[in-house]
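Those protein sequences? They're chains C and U, same order as listed. FYI, in this note's numbering the residues of the first sequence are 283 to 686. FYI, in this note's numbering the residues of the second sequence are 283 to 686. Here a beta-carbon is modelled for each residue, glycine too, at the ideal position from N, C-alpha and C. One structure is given here, and the rest of the page talks about it.
Protein chains: 2
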Amino acid sequence: MSNLEAKFADLGAENAPGQEVRQNADDLKSVVRGDVIPGRTVDFSHGDVDAFAPTPGARAAWEAGYDLGCAQAYTEYRGAAEIRADVARSLAGFTGAPVDPVDELIITPGTQGALFLALGAVVDQGTKVAIIEPDYFANRKLVRFFGGEILPIPLRYHDTPDQNGPNLDALEAACKAGAEVFVFSTPNNPTGQVFGETAITRIADLAAQYDLTLIVDQLYSRLLYSGEGYTHLRACATRPDKLVTIMGPSKTESLSGFRLGVAFGSAALIDRMEKLQAIVSLRAAGYSQAALKTWFHEPEGWMDARIAQHEAIRDDLLAVFRAAGFRTATSQAGSYVFPELPELAVSPEVFVRLLRLQAGVTVTPGSEFSPHTTSSIRLNFSQDQTAAVAAAHRIVEMVKRYCA
Amino acid sequence: MSNLEAKFADLGAENAPGQEVRQNADDLKSVVRGDVIPGRTVDFSHGDVDAFAPTPGARAAWEAGYDLGCAQAYTEYRGAAEIRADVARSLAGFTGAPVDPVDELIITPGTQGALFLALGAVVDQGTKVAIIEPDYFANRKLVRFFGGEILPIPLRYHDTPDQNGPNLDALEAACKAGAEVFVFSTPNNPTGQVFGETAITRIADLAAQYDLTLIVDQLYSRLLYSGEGYTHLRACATRPDKLVTIMGPSKTESLSGFRLGVAFGSAALIDRMEKLQAIVSLRAAGYSQAALKTWFHEPEGWMDARIAQHEAIRDDLLAVFRAAGFRTATSQAGSYVFPELPELAVSPEVFVRLLRLQAGVTVTPGSEFSPHTTSSIRLNFSQDQTAAVAAAHRIVEMVKRYCA
């Protein structure tokens, strides 16, 4: 196998969310047990923007952008200056540390675009990168694509809040072993764990001590459940020199169809990201950028209501899965749950396909998030509540049917 | 300088179209001659979508996509199936060879996105890539970014149509020297030259003989001037096995603010491109994709009128530059002219900045397109005709002012 063939074999996207439609179901016939379980189809691989509609005003903002014409179609590669100024102000307020709109922020095609550019800016052949396990699947794929080497950092997430968290001794060992970059999401995707203040502070300290570049994906940090706190790494006492924070309005705000993300942090890194964006896709779609004018300017009470609705769905799903005996961590933020299934008579990949075929339920296999979580499945529960709960019951029924 | 530093130094985007706004003009004071020349500001670095508005119906198509909701927000990574089916049909008709919408086409964030994915799919450390000089600046940058090696192929463009063209003996020599990929634009950016049937046929033959992968950027192939013909490489008698053709509605159709491109060709290459898109930006903005429903379905006569308007501007600019004695090739298609300026008392980069400062005219320096075209400038003449002609006269006046 040539180097390029190996590189693309590593990028297998067959099980990636949204790609299931390309699968062929013929080979499942020999293992199928029982009939189809009726019920409304639910695609837990991503949020349902029909159940949770885009921020009020987003469509009108796009239309105003279109009407602006050339100035909105051809922005700087890092995004329209006026929009960056507004977003930088909001993000400074939200995270508790200043953001220079001229040099420290870039608008990207989704947070996926931001992650790609951030890792592309710092990972090269042989760069050692510390990666949480489990964490967002693209992190590992990106590091491999750029030729980097992964140093895994285990995440504990099935215990009490003060036992849970990333293994920071493993992170320090990785630093000693030459790690130059640490990329992670908090709230963690897929477990919904928010890294606590102690962990975040120690990460900042380790970065200072070992000259580590930090890339923090805070995509879900606005969707924080009752009683939970959030520590922004960029507002730490020892603010890391080389830090990029990533956010975007695709999730809580349901603006995914606009493909918008932002990265903010060290000017030198943002500058590299813009240079890379110039050859990757030039800029986030010009007219789409205008929808960012609604971000952090949602109507009074809108965000609180959205959080409460998600919390209710989370509680329902936790109750269903725990009653069935599936170990499931309590998501502190975001819209993912990551139940662990008992041993099954079919492989996890086949089970996930059977779920889709027989129960009308699409989930993302745990193998996408780390090599050690193959028995878990990830659900994005930003869905119609009734449909989501019914689908969770079908998952439980399917697990019973295929138990080893 | 570390490998990454070198890589990003190569990606310098300071002179890239649209980025001039980030430049500081203080250092020009010592070389300035004369006053500001009044006149309406013209940015020739890209087309003016206010002068040439987006295709009728594009805005309504976006709105219908937005109303579709989740299905349009979360398409397959390669784009919405129904839209691909329609676009594949149109492109098969336009290029004269079939396109399978399921496996042979991907929708990307602009044609820049398509180029990035296509080169990312085939260029790795040490891959030898034949590149036309001059050609679109991102081609060279992309090859370097992926670690490839550039084998330059000179383009003759100042002579008669049968003398002009790429040096195909140089291409054959490159093949013998191990070139695995050949990427080029036709119509050529920046000269507007359309590669003739003889050249295209020989390229197809060389590809077959040397197992060369071909990436053809046909972005401007719809904007073809009177009396010109166009040969589609993918419709050649020896249709290349490994071929990706790139097009998009950003130019002639002025849909740049939607960020849409398409790549179509060999299923194995399109598959790799989708895998790469999955980690780069997931997909072209979902709602934007809906605007492709207007593509190749423009109102009767609309495209003919648009071509005629551009041809009139081309003729005016050629007349102005030739009267001033600047060697300027006749663009056969597209909206670029690439006049060669006489020797100046300031460097070409400084002259381009002075043009912006004193004449209100933005152009792209020839050094972006090859190391041998530093005395030329590129103009995208998709502009208001009167403003463009007045700006061309100011360029001539500025050249006189700064003559060596």
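- Contact between the region 634 to 654 of chain U and the region 538 to 553 of chain U is absent: fewer than 3 CB-CB pairs across the two stretches fall below 8 Å.
- Against chain U, the CB of C/Glu650 has no partner CB under 8 Å away; the residue lies outside that interface.
- Around the beta carbon of C/Asn471, a 10 Å sphere encloses 16 or more other beta carbons of the protein chains shown; the residue is thus reported as buried.
- C/Leu558 and U/Leu293 do touch by the CB rule: their CB atoms are close to 7 Å apart, below 8 Å.
- Around U/Lys423, the beta-carbon contacts reaching into chain C at under 7 Å are Ile561.
- Taken atom to atom, the span from the alpha-carbon of C/Arg422 to that of C/Val498 is near 14 Å.
- The region 434 to 517 of chain C is shown to contain whole beta strand (DSSP E) runs of 3 or more residues at 463 to 467 and 495 to 499, in chain order.
- Annotation: Cβ neighbours of U/Ala355 in chain C (cutoff 7 Å, chain order): Val331, Ser538 and Gly539.
- Cβ-Cβ distances below 8 Å link C/Ala400 to Val465, Ile497, Val526, Ile528, Ala545, Leu551 and Met555 in the same chain, with the five nearest sequence neighbours on each side left out; the list follows chain order.
- Within a 10 Å sphere around the beta-carbon of C/Glu287 sit fewer than 16 other beta-carbons, which makes this residue exposed.
- Considering only beta carbons, the part of the region 417 to 444 of chain U lying closer than 7 Å to chain C consists of Ala420, Lys423, Leu424 and Phe427, in chain order.
- Rounded to the nearest whole angstrom, the CA to CA distance from C/Thr323 to C/Ala641 is 8 Å.
- The three-state secondary structure of U/Tyr569, taken from DSSP, is helix.
- Shortest Cα-Cα distance from U/Ser664 to any of U/Ala594, U/Glu364, U/Ala459 and U/Ile432 involves U/Ala594.
- Relative to the Cα of U/Lys575, the nearest Cα in the group U/Ala396, U/Thr513, U/Ser372 and U/Asp417 belongs to U/Ser372.
- Annotation for U/Ala686: Glu625, Leu626 and Ala627 place their beta carbon closer than 7 Å to its own, counting only its chain and skipping 5 residues before and after.
- Beta-bridge analysis with DSSP links U/Pro647 to U/Ile659.
- In this structure, DSSP gives C/Lys410 an extended state, which the three-state scheme calls strand.
- By the Cβ rule, the region 593 to 611 of chain C does not count as touching the region 412 to 421 of chain C, because fewer than three pairs are nearer than 8 Å.
- Rounded to the nearest angstrom, the gap between the Cα atoms of C/Gln500 and C/Ala615 is 11 Å.
- Shown here for C/Ser570: same chain residues with a beta carbon closer than 7 Å to its own, the five before and five after excluded, namely Trp344, Phe540, Arg541 and Leu542 in chain order.
- Per the coordinates, the alpha-carbon of U/Ser629 lies some 26 Å from the alpha-carbon of U/Leu424.
- Assignment of U/Phe334 by DSSP, reduced to helix, strand and coil, places it in the coil class.
- Secondary structure of C/Ala627 (DSSP, three-state): coil.
- The beta carbon of C/Pro647 does not come within 8 Å of any beta carbon belonging to chain U, so the residue lies off that interface.
- Cβ atoms of C/Ile432 and C/Ile414 stay farther apart than 8 Å, at about 11 Å.
- Just so you know, the alpha carbons of U/Gly402 and C/Arg638 end up roughly 32 Å apart.
- In the three-state reduction of the DSSP assignment, U/Arg635 falls in the helix class.
- Distance from C/Ala672 to C/Gly321 at the Cβ level is roughly 5 Å; contact confirmed, criterion being Cβ atoms closer than 8 Å.
- At least one CB of chain C lies nearer than 8 Å to the CB of U/Ala567.
- Taken in chain order, the complete alpha helix (DSSP H) segments of 4 residues or longer contained in the region 335 to 392 of chain C are 340 to 350, 352 to 355 and 363 to 377.
- Rounded to whole angstroms, the separation of the alpha carbons of U/Gly375 and U/Ile589 is 20 Å.
- C/Arg554 belongs to the set of residues whose beta carbon lies under 8 Å from a beta carbon in chain U.
- Among the residues facing chain C, U/Gln394 is included, as its CB has a counterpart in that chain under 8 Å away.
- Of the residues U/Gln407, U/Asn446, U/Gln445 and U/Pro436, the one whose Cα lies closest to the Cα of C/Phe427 is U/Gln407.
- For U/Arg609, the pairing in a beta bridge is given by DSSP as U/Glu622.
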